[in-house]
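So the sequences go chain by chain: F and L. Numbering-wise, full-length UniProt numbering puts 74 at position 74 of the first sequence, and it's gapless, one number per residue. Numbering-wise, full-length UniProt numbering puts 299 at position 299 of the second sequence, and it's gapless, one number per residue. Glycine included, each C-beta is placed from N, C-alpha and C at the ideal position.
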Amino acid sequence: MSKLRILVPIKRVIDYATKPHVNRTQTAVMTANVKHSMNPFDELSIEEAVRLRERNTTPVEEIVAFSAGPPKAQDILRTAMAIGADRSIHVVVEEKDALEPLGVAKLLQKVVDEQKSNLVILGKQSIDDDAGQTGQMLAGLLNWAQATQASKVSIEGESVTVTREVDGGVETLKTKLPMVITTDLRLNEPRYASLPNIMKAKKKKLEKKTLADYGLAENLKLKTIKVTEPPTRKGGVKVEDVDGMISKLKELGAL
Amino acid sequence: MATSSRVLASLRRVSVPRQASPLLQRFQPAIRVRWAGTTSATSEPHQPNENGTVSSSPAPAKAIKLTSETYPELQRNSKFAKLSQDHVKYFQELLGSESAVVDGLSKDASEDIEPFNSDWMRKYRGQTKLVLKPQSTQEVSSILEYCNKNRLAVVPQGGNTGLVGGSVPVFDEIVINLQKMNKIRAFDEVSGILVADAGVILEVADNFLAEKNHIFPLDLGAKGSCQIGGNVSTNAGGLRLLRYGSLHGNVLGIEAVLPDGTIMNDLSTLRKNNTGYDLKQLFIGGEGTIGIITAISIICPQRSEAINVAYFGLESYEQVQKAFSEAKTQLSEILSAFELMDGRSQKIVNTVTGKRFPLEGEYPFYCLIETSGSNTDHDSEKLQNFLESVMESSIVSDGVLAQDQTQIQDLWAYREGISECLGHWGGVYKYDLSLPISDLYELVNDVRDRLIEAGVVGDDDSFPAVDVVGYGHMGDANLHLNVAVRRYDKKVEKLLEPFVYEWVQRKNGSISAEHGLGIAKKAYIGYSRDETMIRLMKQIKNLYDPNGIMNPYKYI
Ligand SMILES: Cc1cc2nc3c(=O)[nH]c(=O)nc-3n(C[C@H](O)[C@H](O)[C@H](O)COP(=O)(O)OP(=O)(O)OC[C@H]3O[C@@H](n4cnc5c(N)ncnc54)[C@H](O)[C@@H]3O)c2cc1C
Numbered sequence: 001m002s003k004l005r006i007l008v009p010i011k012r013v014i015d016y017a018t019k020p021h022v023n024r025t026q027t028a029v030m031t032a033n034v035k036h037s038m039n040p041f042d043e044l045s046i047e048e049a050v051r052l053r054e055r056n057t058t059p060v061e062e063i064v065a066f067s068a069g070p071p072k073a074q075d076i077l078r079t080a081m082a083i084g085a086d087r088s089i090h091v092v093v094e095e096k097d098a099l100e101p102l103g104v105a106k107l108l109q110k111v112v113d114e115q116k117s118n119l120v121i122l123g124k125q126s127i128d129d130d131a132g133q134t135g136q137m138l139a140g141l142l143n144w145a146q147a148t149q150a151s152k153v154s155i156e157g158e159s160v161t162v163t164r165e166v167d168g169g170v171e172t173l174k175t176k177l178p179m180v181i182t183t184d185l186r187l188n189e190p191r192y193a194s195l196p197n198i199m200k201a202k203k204k205k206l207e208k209k210t211l212a213d214y215g216l217a218e219n220l221k222l223k224t225i226k227v228t229e230p231p232t233r234k235g236g237v238k239v240e241d242v243d244g245m246i247s248k249l250k251e252l253g254a255l
Numbered sequence: 001m002a003t004s005s006r007v008l009a010s011l012r013r014v015s016v017p018r019q020a021s022p023l024l025q026r027f028q029p030a031i032r033v034r035w036a037g038t039t040s041a042t043s044e045p046h047q048p049n050e051n052g053t054v055s056s057s058p059a060p061a062k063a064i065k066l067t068s069e070t071y072p073e074l075q076r077n078s079k080f081a082k083l084s085q086d087h088v089k090y091f092q093e094l095l096g097s098e099s100a101v102v103d104g105l106s107k108d109a110s111e112d113i114e115p116f117n118s119d120w121m122r123k124y125r126g127q128t129k130l131v132l133k134p135q136s137t138q139e140v141s142s143i144l145e146y147c148n149k150n151r152l153a154v155v156p157q158g159g160n161t162g163l164v165g166g167s168v169p170v171f172d173e174i175v176i177n178l179q180k181m182n183k184i185r186a187f188d189e190v191s192g193i194l195v196a197d198a199g200v201i202l203e204v205a206d207n208f209l210a211e212k213n214h215i216f217p218l219d220l221g222a223k224g225s226c227q228i229g230g231n232v233s234t235n236a237g238g239l240r241l242l243r244y245g246s247l248h249g250n251v252l253g254i255e256a257v258l259p260d261g262t263i264m265n266d267l268s269t270l271r272k273n274n275t276g277y278d279l280k281q282l283f284i285g286g287e288g289t290i291g292i293i294t295a296i297s298i299i300c301p302q303r304s305e306a307i308n309v310a311y312f313g314l315e316s317y318e319q320v321q322k323a324f325s326e327a328k329t330q331l332s333e334i335l336s337a338f339e340l341m342d343g344r345s346q347k348i349v350n351t352v353t354g355k356r357f358p359l360e361g362e363y364p365f366y367c368l369i370e371t372s373g374s375n376t377d378h379d380s381e382k383l384q385n386f387l388e389s390v391m392e393s394s395i396v397s398d399g400v401l402a403q404d405q406t407q408i409q410d411l412w413a414y415r416e417g418i419s420e421c422l423g424h425w426g427g428v429y430k431y432d433l434s435l436p437i438s439d440l441y442e443l444v445n446d447v448r449d450r451l452i453e454a455g456v457v458g459d460d461d462s463f464p465a466v467d468v469v470g471y472g473h474m475g476d477a478n479l480h481l482n483v484a485v486r487r488y489d490k491k492v493e494k495l496l497e498p499f500v501y502e503w504v505q506r507k508n509g510s511i512s513a514e515h516g517l518g519i520a521k522k523a524y525i526g527y528s529r530d531e532t533m534i535r536l537m538k539q540i541k542n543l544y545d546p547n548g549i550m551n552p553y554k555y556i
């Protein structure tokens, strides 16, 4: 019976609880001195990989966390290892040269080959670009089965059952390894990184690589023309106090 | 924690409220509780309605027992005049706008007036017929001058979130509410000094400062309602005291109106000013007894970019103390909070909210530490070293470190949610005490033993008390001793008081660390201050307010 070799690609993004601001030239969101964390969907992926190991219905041989991003992406790889990844790979890509989904998928294809992974768990989207394409493109490039937006995953031997939430209900898919899974909100609740595990994670292997190591080069197909903040809400008047509000409501016939 | 609601929220990029779990609403206390009202303890706003039932939302104002009934020994002081039509007319002419005077004398305005008569805990209720909302210092001055001349008693009121009944009338005192004095007057980005009207809401001030990369040196659970003038008047402590110190140090100047209408302009923006007695200090924590604060100037620190939160489980209170001294030594200037929670309090949060425990095992004590600084890498390194050392030396048994903003909020919720969750069974007796750090938790054990011995604590409805828990601002040696109850019960009350106060007195502690005296603690000041001190305080009161019109029946 085959063992699971899980690859979990993760991304460093602006912390979801932080309000992003667009830069003056309207070319990008400002990232300097802004709190960054792991993309929330990726936390679900790493947690699910660790749970698969804990459930042990199919033994997990290795969990590898992977990130392509700026040097600081190391922080989230350490977090992933504190949660339970065995080691990690970091392809350093400076923020200004950030990859597009297709670029990431092509890179992941190489990593899957190199690592002999048979299961890739990705977030269904990253909350910065909201492209929601990488998992699907990767499955296409690998010519593997895929199940997107998973809310439940179980694996018995080679056979994988994935429940996905679809409009108005759930859909249950069954397929065989190897495959690509993307995670959705209700899949699990990621654990905290415990201090003993944070300490252990420091000693785990973190390999630094470049695009060239995988025989790839930057090949951007898209150009960002303009980034703008959502229009500020119009209308609304400010009342002086509660009394003012009541008389305003009366005036509008709401009371 | 990526709960589903959280990630949903992530897509909309809304910030998660710190408290108020919707889960809480599912747990309505099922038991009937009557507020007995004979203790001086603070409580949660779950007082009974007319039928004696308690719901999870605050009781309607009219269901609250009148303070004059709760304290039958208090008599209205006959030296104060009764409000007349002439008085009301004077104020209407003075303040002009209709919304500035809530007149319950010439017409039935009880709906409009009740919120000003009853307090946040739903424990105290006065009977004023008049609320005034001045818009300027000059108006406050004219009001007080007139009241003083006519012997009309008054209650200064801010956000009305005080926890000792100080902000509402006892009888028919006129409420002077500062909500219309809500302008930020000036902010100096170089010095960080903010000058603002007393009625500015704390959260508004803090948001204003956040835009300018600064922070208000005070934060507390009531920030969305309380006013900075109210904060200064109660000398509120709160969550940032460990790092930024007390208002006695941060407030640089005060503009106040004395009972005779005199405007005291001490709105200095100087850090150093050794020219005579520092009279503004009397107004900090003065609880509206010697004058009305109309504006303050306060020094505000730079807001920290890098915030980290860790949560520990520890085996004993000794270990907690060791962890605290290690934190001070190793984290020094970046340590911004060190909060203590006992195992029972955390279990209650877990039971009531259904949120999973941050740690796997259970421990008798937990601590939450927060660091804030300007340099993420520097802070992380310090924190890592600290965490390693307390783990390796077995001072802490287990712990977690928040990896993102959401986890920071979730860990804080385990501390900040205690107060609300304790009210789940119906009521809480709450004591806010200062004690020497080495003795801090012993009181909780003693009180628990005492209640268990008396047979009033237990798991089913036949026992009035659910549990005795302790938590608080360890960094400030400030303990919150809380007794969660199913109903307010004379026997429990007799076991608690004066036992708790005598215990605190023996250790030279304070019977009110941060909430003040108001009406609730007035009778107990003797446990923390000697006769000479009380006499000197009374002299001050008489000097500033010879007619005693300011916030009578309270404080000292
Ligand atoms: C959920 C919650 C959490 C809290 N947490 C903390 C905490 O962590 N630490 C802490 O120290 N306290 C805490 N408190 C209590 C705290 O004292 C008040 O919340 C706050 O400081 C009072 O501000 P306020 O504007 O509501 O004042 P009010 O309640 O309106 O008034 C309080 C007292 O000050 C007087 N007063 C108000 N404004 C003026 C003025 N302009 N001039 C003169 N006198 C005035 C009133 O007469 C009254 O005696 C908490 C309260 C709540 C409800």
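>> For a test of your reading of the model: does the CB of Asn188(F) fall under 7 Å from any non-hydrogen atom of ligand 1? Yes or no.
In response: no
> From His36(F) to Gly426(L), what does the alpha carbon distance come to, in whole angstroms?
Replying inline: 41 Å
> Under three-state DSSP, which class holds residue 617(L)?
Replying inline: Given that chain L is displayed from residue 1 to residue 556, the structure contains no residue 617(L) and the question cannot be resolved.
> Checking contacts by CB at 8 Å: is Ala2(L) closer than that to chain F?
Replying inline: Confidence in Ala2(L) is poor, its pLDDT being 38 and thus under 50, which makes the residue's placement too unreliable to answer from.
>> Counting only C-beta atoms, is Asp119(L) closer than 8 Å to chain F at any point?
In response: no
> Enumerated in chain order, which unbroken segments of the alpha helix (DSSP H) with a length of 4 residues or greater are wholly contained in the region 66-116 of chain F?
Replying inline: 73-83 and 101-115
> From the beta carbon of Gly244(F), is the nearest beta carbon of chain L less than 8 Å away?
Replying inline: yes
>> I need the straight-line Cα distance from Val104(F) to Met181(L), nearest angstrom please.
In response: 56 Å
> With distances taken between CB atoms, is the gap from Gly126(L) to Gly516(L) smaller than 8 Å?
Replying inline: no
>> For Gln135(L), report the span of its beta strand (DSSP E) as first-last.
In response: Where Gln135(L) is concerned, there is no enclosing beta strand (DSSP E), given that its DSSP letter is neither H nor E.
> Taking the alpha-carbon positions, what's the Val448(L) to Tyr441(L) distance?
Replying inline: Contrary to the premise, residue 448(L) reads as Arg rather than Val in this sequence. Roughly 11 Å between the two C-alpha positions.
>> Does the distance between the C-beta of Ile293(L) and the nearest non-hydrogen atom of ligand 1 fall short of 7 Å?
In response: yes
> Once you ignore the five residues that flank Tyr317(L) on each side, which residues in its own chain have a CB closer than 7 Å to its CB?
Replying inline: Phe365 and Tyr441
> Is His36(F) near ligand 1, going by C-beta to nearest heavy atom under 7 Å?
Replying inline: no
>> List, from N- to C-terminal side, the beta strand (DSSP E) runs of 3 residues or more that fit wholly inside the region 388-448 of chain L.
In response: 398-401 and 427-434
> From the beta carbon of Leu122(F), is the nearest beta carbon of chain L less than 8 Å away?
Replying inline: no
>> Report the start-end ranges of each beta strand (DSSP E) in the region 496-547 of chain L that is 3 residues or longer and not cut off at the edges.
In response: none
> Thinking just about the alpha-carbon of each residue, which of Ala17(F), His21(F), Arg53(F) and Glu95(F) is nearest to the one in Ala73(F)?
Replying inline: Glu95(F)
>> Output needed for Thr163(F): all residues of its chain with C-beta closer than 6 Å, excluding positions within five of it in sequence on either side, in chain order.
In response: Ser151, Lys152, Val170 and Thr172
>> Counting only Cβ-Cβ distances shorter than 7 Å, please list the residues of the region 382-402 of chain L near chain F, keeping chain order.
In response: Leu387, Glu388, Met391, Asp398, Gly399, Val400 and Leu401
>> Counting only Cβ-Cβ distances shorter than 9 Å, please list the residues of the region 348-370 of chain L near chain F, keeping chain order.
In response: Arg356, Pro358, Leu359 and Glu360
> Which whole-angstrom value is the C-beta distance of Ile127(F) and Val13(F), which I expect to be below 8 Å?
Replying inline: 6 Å
> Taking Cβ positions, are Leu132(L) and Ile176(L) nearer each other than 8 Å?
Replying inline: yes
>> Counting only C-beta atoms, is Asp404(L) closer than 8 Å to chain F at any point?
In response: yes
> To which residues does DSSP link Arg5(F) through a beta bridge?
Replying inline: Glu62(F)
> How many Å lie between Ala198(L) and Leu270(L) at the Cα?
Replying inline: 19 Å
> Would a C-beta distance cut-off of 8 Å place Leu202(L) and Asn231(L) closer than the cut-off?
Replying inline: yes
> Any beta-carbon of chain F closer than 8 Å to the one on Gln319(L)?
Replying inline: no
> Which whole-angstrom value is the C-beta distance of Leu95(L) and Ile549(L), which I expect to be below 8 Å?
Replying inline: With 8 Å as the limit, Leu95(L) and Ile549(L) do not qualify as a contact, their Cβ atoms being about 19 Å apart.
> Which residues in chain F sit within 9 Å of Ser297(L), going by Cβ to Cβ distance?
Replying inline: The contacting residues do not exist; Ser297(L) stays about 25 Å from chain F at best.
> At what residues does the alpha helix (DSSP H) containing Tyr244(L) begin and finish?
Replying inline: Leu241 to Tyr244
> Going by beta carbon distance, what residues of the same chain come within less than 7 Å of Lys208(F), once the five residues before and after it are set aside?
Replying inline: His90 and Val92
> Is the beta carbon of Asn33(F) sitting closer than 8 Å to the one on Glu305(L)?
Replying inline: yes
> Any chance the region 399-419 of chain L sits against the region 178-193 of chain F, with 3 or more Cβ pairs inside 8 Å?
Replying inline: yes
> What are the uninterrupted segments assigned as beta strand (DSSP E) that are 3 or more residues long and contained completely in the region 273-338 of chain L, given in chain order?
Replying inline: 292-299 and 306-314
>> Here's the rule I'm using: 16 or more other beta-carbon atoms within 10 Å means buried, otherwise exposed. How should Leu553(L) be labelled?
In response: In the sequence on display, residue 553(L) carries Tyr and not Leu. The residue in question, Tyr553(L), is buried, as its Cβ has 16 or more Cβ neighbours within 10 Å.
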